[in-house]
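In full-length UniProt numbering, the protein residues as written are 1 to 112. Backbone N, C-alpha and C define an ideal beta-carbon position, used for all residues, glycine too. A short write-up of the structure that comes next.
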Amino acid sequence: MQEISWDDFMKVELRVGRVVSAEVFAQARKPAYVLHVDFGQELGVRKSSAQITHHYRPDELVGRLVVAVVNFPRKQIGPLMSECLVTGFHDENGHVALCVPDKDVPPGTRLL
């Protein structure tokens with residue numbers, strides 16, 4: 001594993017957001033959802049494609065807090081322009097489980 005400096009880590013903007021809508025991303029090559037995530041007044045609502053269909057249904061994602069990288073360049077994913085990267089971990093079968101705070105924190109809060 002390569003070590004990074006504190007300055008390297010501080011370049012990554014990991015923020016908490018609340019999912020305001022989630023729908024099936026029908027045009028995706030792999031099963032995915034389009035998430036609209038509210039990061040508060042400073043950053044607003046951003047879109048992301050998330051391959052989390054194994055563990056979650058769209059209706060149970062709305063209202064949940066997620067952790068996302070918000071300072072990557074926007075990325076075109078099929079017809080969707082992704083504006084953030086929602087984070088997660090692969091389980092023992094390779095399915096993604098979301099990385100989430102275990103307490104309620106305000107949208108836009110930065111991970112430090």
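Open item on the list: What does the alpha-carbon distance come out to for the pair Pro107 and Arg57?
Closed with: As a first step, residue 107 must be located in the sequence shown, where it is residue number 107. As a first step, residue 57 must be located in the sequence shown, where it is residue number 57. Answer to the nearest angstrom: the Cα atoms are 22 Å apart.
Open item on the list: In whole angstroms, give me the CA-to-CA distance for Met81 and Phe72.
Closed with: Along the sequence shown, read from residue 1 onward, the residue named residue 81 stands at position 81. Along the sequence shown, read from residue 1 onward, the residue named residue 72 stands at position 72. Going from the Cα of Met81 to the Cα of Phe72 covers about 12 Å.
TODO: Could you give the DSSP three-state label for Gly88: helix, strand or coil?
DONE: Start at 1 with the first residue of the sequence shown, and residue 88 comes out as number 88. It is a strand residue.
- [ ] Along the beta strand (DSSP E) that carries Leu98, what are the first and last residues, could you check?
- [x] Indexing the sequence shown from 1 puts residue 98 at position 98. Taken as a continuous stretch (DSSP letters only), the beta strand (DSSP E) holding Leu98 covers Val96 to Leu98.
TODO: Output the boundary residues of the beta strand (DSSP E) element that contains Asp38.
DONE: Residue numbering aside, residue 38 sits at position 38 when the sequence shown is read from its first letter. Run containing Asp38: Tyr33 to Asp38, per the beta strand (DSSP E) assignment.
Task: Cβ neighbour criterion (16 or more within 10 Å) applied to Gly52 - done: What you label residue 52 is simply residue 52 of the sequence shown in a count that begins at 1. According to the sequence displayed, residue 52 carries Ile and not Gly. The residue in question, Ile52, is buried, as its Cβ has 16 or more Cβ neighbours within 10 Å.
Open item on the list: Could you check whether Leu43 and Leu111 sit closer than 8 Å to each other, using their CB atoms as the reference points?
Closed with: Stepping through the sequence shown from its first residue, residue 111 is reached at position 111. Stepping through the sequence shown from its first residue, residue 43 is reached at position 43. No, Cβ-Cβ distance for Leu111 and Leu43 is not below 8 Å.
Open item on the list: Measuring straight from C-alpha to C-alpha, what distance separates Phe25 and Glu83?
Closed with: Reading the sequence shown from its first residue, position 25 is the one you call residue 25. Reading the sequence shown from its first residue, position 83 is the one you call residue 83. So the alpha carbons of these two residues sit roughly 15 Å apart.
Open item on the list: Distance check for Gly94 and Val105, CA to CA, integer angstroms please.
Closed with: The count along the sequence shown starts at 1 and reaches residue 105 at position 105. The count along the sequence shown starts at 1 and reaches residue 94 at position 94. If you take the alpha carbons of Val105 and Gly94, they lie about 28 Å apart.
Task: Three-state secondary structure assigned by DSSP to Gln41 - done: Residue numbering aside, residue 41 sits at position 41 when the sequence shown is read from its first letter. In the structure shown, Gln41 sits in a helix (DSSP, three-state: H, G or I).
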